[in-house]
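*Asks:* In UniProt numbering, the protein residues as written are 1 to 356. A virtual CB, placed ideally from N, CA and C, is assigned to each residue, including glycine. Computed from a predicted model, the values in this text were never measured in an experiment.
#1: Any chance the region 243-263 sits against the region 307-315, with 3 or more Cβ pairs inside 8 Å?
#2: Based on DSSP bridge pairs, tell me the residues matched to residue 221.
#3: Which of helix, strand or coil does DSSP assign to residue 275?
#4: Where do the N-terminal and C-terminal ends of the beta strand (DSSP E) with residue 309 fall, by residue?
#5: Could you give the first and the last residue of the continuous beta strand (DSSP E) run that contains residue 25?
#6: Inspect the beta-carbon positions of residue 185 and residue 275 and report whether they are closer than 7 Å.
#7: Using only alpha-carbon positions, find the residue among 229, 80, 114 that is nearest to residue 11.
#8: Round the Cβ separation of residue 70 and residue 196 to the nearest angstrom and send it over; I've been treating them as touching at under 8 Å.
#9: Less than 7 Å between the beta carbons of residue 129 and residue 34, yes or no?
#10: Would you list the residues sitting across from residue 144 in a DSSP beta bridge?
#11: Distance check for residue 127 and residue 1, CA to CA, integer angstroms please.
#12: Anyone know if the C-beta pair for residue 120 and residue 63 falls short of 7 Å?
#13: My understanding is that residue 182 touches residue 318, with C-beta atoms under 8 Å, so please give their C-beta distance in whole angstroms.
#14: Identify, in the order they occur along the chain, each residue of the same chain with its Cβ nearer than 6 Å to the Cβ of residue 140, setting aside the five sequence neighbours on each side.
#15: Name the residue from 238, 261, 260 whose alpha carbon lies nearest to the alpha carbon of residue 325.
#16: Taking 8 Å as the threshold, find out whether the region 341-353 comes into contact with the region 248-261 through three or more Cβ pairs.
#17: When you compare the CB positions of residue 118 and residue 13, do they come within less than 7 Å of one another, or not?
#18: With 16 as the cutoff for other CB atoms within 10 Å, does residue 302 come out buried or exposed?
#19: Spatial neighbours of residue 211 within its chain, please: C-beta separation below 6 Å, excluding the five flanking residues on both sides.
#20: Report the option in 58, 21, 72, 133 whose CA atom is closest to the CA atom of residue 169.
#21: Taking a contact to mean a Cβ-Cβ separation below 7 Å, would you say residue 280 touches residue 306 in this structure?
#22: Are the beta-carbon atoms belonging to residue 102 and residue 223 less than 7 Å from one another?
#23: Report all residues from its chain with a CB closer than 8 Å to the CB of residue 161; omit the five preceding and five following residues, and keep chain order.
#24: Name the DSSP bridge partner or partners of residue 185?
#25: Could you say which of 143, 122, 50, 189 lies nearest to residue 83 if we only look at CA atoms?
#26: Roughly how many whole angstroms lie between the Cα atoms of residue 272 and residue 98?
#27: Using alpha carbons as the reference points, say which of 176, 171, 269, 228 lies closest to residue 192.
#28: Assuming the contact rule is C-beta atoms closer than 8 Å, residue 180 and residue 30 should be a hit. Round their C-beta distance to whole Å, please.
#29: Have a look at residue 135 and residue 232 and give me their C-alpha separation to the nearest angstrom.
#30: State the DSSP-derived secondary structure class of residue 247, mapped to helix, strand or coil.
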């Protein structure tokens with residue numbers, strides 16, 4: 001047996017098991033609040049369970065997605081605001097599920113930090129639980145890792161993992177997408193969770209601190225305004241799919257904007273013609289473009305510019321799909337249509353001007 005005279009403990013090495021247990025006790029009620037049919041909402045075991053039959057599926061196809069929040073976390077850390085980035089984490093995963101016609105069922109998170117602060121950790125998981133509630137999925141487990149030497153004190157990283165399901169034969173995009181179909185845009189809540197390396201450079205250029213009033217929203221601090229959480233489109237989009245059966249494709253507008261994300265759900269023979277004049281970018285994008293001198297083309301390939309989700313529908317179904325989405329609280333704009341795509345041509349073409 002080794003000589004115990006030095007008495008070194010795991011806590012002295014930088015890992016506090018008691019702090020971890022404290023955080024688990026703080027988040028148990030948050031996790032329990034996300035329970036839904038198929039999940040019991042409890043944590044503490046070695047794995048989370050989910051019963052597809054209890055969730056109402058008869059012949060399901062599982063759909064999985066994982067993502068993070070990116071350098072938006074640095075804004076949260078520097079601003080000392082940690083209660084919304086968990087919503088972003090869930091949003092970036094579940095919005096990727098619903099574009100395939102899948103209902104998000106459960107979520108797991110990975111939270112890594114240099115030194116665990118149970119209050120900070122509970123705030124983060126509180127945001128994750130809120131995101132799960134917005135998406136209608138259960139938070140069935142996760143992992144908290146305290147890694148001194150890997151992260152500086154106060155720094156942390158997040159990753160999320162979501163699983164959803166759709167009945168066999170009902171996945172999107174459908175095989176019915178055709179020339180003349182209409183492209184609808186669903187408004188974003190702001191920058192969402194992409195482009196923050198550029199945003200942070202622009203904040204440095206502006207000379208503003210995150211506690212200063214936001215130039216584009218003086219009722220909020222710059223930090224709080226930039227941390228506006230990613231909109232979760234799950235419940236509204238699923239309602240429109242189920243009520244109308246008319247949505248042929250969906251695209252989550254994340255990093256890469258229109259030109260990278262929309263072609264991912266279109267046949268190679270079709271392109272989207274987008275009228276930029278129909279887009280109404282939130283003021284944060286005007287501030288980013290003006291302060292950073294960012295060209296419109298760069299804005300379009302970096303940010304969502306005000307459109308966080310796109311739906312493709314037949315021309316005859318525009319009104320009823322729009323009505324279904326608006327009844328669920330979405331702001332919907334008609335962005336353009338699908339056209340024939342010449343060989344070698346881009347998947348997105350623009351008309352009009354982006355109002356930055």
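*Replies:* With the structure as the only source:
#1: As far as the Cβ criterion goes, the region 243-263 touches the region 307-315, which means the pair count is three or higher.
#2: Bridge partners of residue 221: 213.
#3: Strand.
#4: In the DSSP assignment, residue 309 falls within the beta strand (DSSP E) that extends over 307-313.
#5: Premise fails: residue 25 lies in the alpha helix (DSSP H), 17-32, not in any beta strand (DSSP E).
#6: Residue 185 is not a Cβ neighbour of residue 275, given a cutoff of 7 Å.
#7: Of the listed residues, the one whose Cα sits closest to residue 11 is 114.
#8: Indeed they touch by this definition, with Cβ atoms about 6 Å apart.
#9: With respect to residue 34, residue 129 sits close: the two C-beta atoms are nearer than 7 Å.
#10: Residue pairing by DSSP places residue 144 opposite 111 in a beta bridge.
#11: The pLDDT assigned to residue 1 is 49, lower than 50, so where the model puts this residue is not dependable; a value taken from the coordinates is nonetheless given after this. Each residue's Cα considered, the two are about 46 Å apart.
#12: No, these two residues do not count as a Cβ contact at 7 Å.
#13: With a Cβ gap of about 5 Å, residue 182 and residue 318 count as contacting.
#14: The residues are 39, 48, 106.
#15: The shortest C-alpha separation from residue 325 is found at 238.
#16: Counting Cβ pairs under 8 Å, three or more are found: they touch.
#17: No, the Cβ-Cβ distance between residue 118 and residue 13 is not below 7 Å.
#18: Buried is the call here.
#19: These residues qualify, in order along the chain: 221.
#20: Taking only the C-alpha atoms, the option nearest residue 169 is 58.
#21: A contact, by the Cβ cut-off of 7 Å.
#22: No, the Cβ-Cβ distance between residue 102 and residue 223 is not below 7 Å.
#23: When the five nearest sequence neighbours on each side are left out, the beta carbons in the same chain lying within less than 8 Å of the beta carbon of residue 161 are those of 64, 65, 66, 93, 107, 108, 109, 110, in order along the chain.
#24: DSSP, once it has assigned bridges, lists 310, 333 as partnering residue 185.
#25: Per the Cα distances, 122.
#26: Each residue's CA atom was taken as its position, placing residue 272 and residue 98 some 21 Å apart.
#27: The shortest C-alpha separation from residue 192 is found at 228.
#28: Their Cβ separation, rounded to whole angstroms, is 47 Å, which puts residue 180 and residue 30 out of contact at 8 Å.
#29: Their backbone Cα atoms lie some 7 Å apart in a straight line.
#30: Residue 247 falls in the strand class under three-state DSSP.
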